[in-house]
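Residue numbers (the numbering used here): 1 to 273.
Glycine included, each C-beta is placed from N, C-alpha and C at the ideal position.
Values in this document were obtained by computation on a predicted structure and should not be read as measured data.
Worksheet for the structure shown next.
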Amino acid sequence: MVRQRPSSRGSERGAERERAEQRYVYGVNPVLESLRAHAQRVERLFITEGQVAAKAAAEILSRAREEGIRVERVPRERLAAMAEGGVHQGVVAELKGFEYAEFSELLESAAQSERPPLWVVLDGIQDPHNFGAIIRSAHALGAHAVVIAKDRAVPVTGVVAKASAGAVEHCPIARVVNLSRTLEELKEAGVWIAAADPHSKVPLWSARLDGPLAVVVGAEGAGVRPGVLEHCDFRLQIPMLGQVGSLNASVSAAILLYEAARQRGSARPGATK
Numbered sequence: 001m002v003r004q005r006p007s008s009r010g011s012e013r014g015a016e017r018e019r020a021e022q023r024y025v026y027g028v029n030p031v032l033e034s035l036r037a038h039a040q041r042v043e044r045l046f047i048t049e050g051q052v053a054a055k056a057a058a059e060i061l062s063r064a065r066e067e068g069i070r071v072e073r074v075p076r077e078r079l080a081a082m083a084e085g086g087v088h089q090g091v092v093a094e095l096k097g098f099e100y101a102e103f104s105e106l107l108e109s110a111a112q113s114e115r116p117p118l119w120v121v122l123d124g125i126q127d128p129h130n131f132g133a134i135i136r137s138a139h140a141l142g143a144h145a146v147v148i149a150k151d152r153a154v155p156v157t158g159v160v161a162k163a164s165a166g167a168v169e170h171c172p173i174a175r176v177v178n179l180s181r182t183l184e185e186l187k188e189a190g191v192w193i194a195a196a197d198p199h200s201k202v203p204l205w206s207a208r209l210d211g212p213l214a215v216v217v218g219a220e221g222a223g224v225r226p227g228v229l230e231h232c233d234f235r236l237q238i239p240m241l242g243q244v245g246s247l248n249a250s251v252s253a254a255i256l257l258y259e260a261a262r263q264r265g266s267a268r269p270g271a272t273k
């Protein structure tokens, strides 16, 4: 399953690395993963006394002290306001803007990986909980990166970080201007493109997913747009027995990624990521 194509690239090469606005990350796991992976991006921590489990609080405070991060004890109501009603578990971190990865750099690093590249390309995902859950599955199942469009897609926010259980700090995420052009660049790099499509007659387990692969998932209801589907090599259906017509985007992505991981031999206890 090796694609022979020209090696020309360049749609976003040379573009500046993009940052979102300053953001709040809340919840024990997202805050801990921020401190573990990118402590330099954490500007302040806000904690409500007695709300954080002792073991987690000890690690959070220890890491903050080591990195010289300011810690403020605040009322629970203030945390609730910063988390915009989300479940903050007594701790909120104020971070610098999220740093998106450069697509061209990800393309190079994936090509140099010892594993066949595995990409997740999202078309029009606007629900932050779905987006966060997809990032969590992508990281857990060995994807090299997640790609989203700059328009008509939710950016990385505190809600996304919470839904990802902190995986946003470990899974590279790129934002591109044109998804169709990006898919063509992936093809030029030898990657095959598989779209999740409930109208397809091809069940996902009948396809070869063990080589260089990009999984394309669209928004609930709309699915992958026709203009993006045109750039996909094949379309895969997730067969279902129930009466519901489709699965939500994060579940569809997780199933496709698990099947790819299974075929690659990485979806097993003790497998190396």
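{"Check": "State yes or no: is the beta carbon of L183 nearer than 8 angstroms to at least one beta carbon in chain D?", "Outcome": "The structure shown has no chain D; it contains just one protein chain."}
{"Check": "Mark G192 as exposed unless 16 or more other C-beta atoms lie within 10 angstroms of its C-beta, in which case mark it buried.", "Outcome": "Contrary to the premise, residue 192 reads as Trp rather than Gly in this sequence. Counting Cβ neighbours within 10 Å, W192 comes out buried, since at least 16 surround it."}
{"Check": "Considering Cα atoms alone, identify which of R23, V147 and L79 is closest to E49.", "Outcome": "L79"}
{"Check": "Can you tell which of V74, M82 and H199 has its C-alpha closest to the C-alpha of G221?", "Outcome": "H199"}
{"Check": "Can you tell me whether DSSP reads F98 as helix, strand or coil?", "Outcome": "coil"}
{"Check": "Nearest to L204 by CA position, among I238, G166, A149 and M82, is which residue?", "Outcome": "I238"}
{"Check": "Going by CA-CA distance only, name the one from A37, C171 and L256 that's closest to V202.", "Outcome": "L256"}
{"Check": "Going by DSSP, what residue range makes up the beta strand (DSSP E) through R70?", "Outcome": "R70 to R73"}
{"Check": "Can you tell which of A153, L122, A83 and G27 has the C-alpha that lies nearest to the C-alpha of A56?", "Outcome": "G27"}
{"Check": "Run the CB neighbour count on V177, radius 10 Å, all protein chains shown included, and call it buried at 16 or more, exposed below.", "Outcome": "exposed"}
{"Check": "Since A80 sits in a beta bridge, which residues does DSSP pair it with?", "Outcome": "In DSSP, A80 forms no bridge with anything."}
{"Check": "From E67 to H144, what does the alpha carbon distance come to, in whole angstroms?", "Outcome": "28 angstroms"}
{"Check": "When the Cα of A195 is compared with those of M240, K150, A249 and S109, which residue comes out closest?", "Outcome": "A249"}
{"Check": "Do you know whose CA, among R235, A138 and R73, lies nearest A167's CA?", "Outcome": "A138"}
{"Check": "Could you name each continuous beta strand (DSSP E) segment of 3 residues or more that falls completely within the segment 176 to 233, going from the start of the chain to the end?", "Outcome": "192 to 196 and 213 to 218"}
{"Check": "According to DSSP, is G237 helix, strand or coil?", "Outcome": "Residue identity check: residue 237 is Gln in the sequence provided, not Gly. It is a strand residue."}
{"Check": "Quick check on DSSP: helix, strand or coil for V279?", "Outcome": "Residue numbering for the chain in the displayed model covers 1 to 273; residue 279 lies beyond these limits and cannot be assessed."}
{"Check": "Under 8 angstroms, with one C-beta from each stretch per pair, do the segment 105 to 119 and the segment 142 to 159 reach the 3-pair mark?", "Outcome": "yes"}
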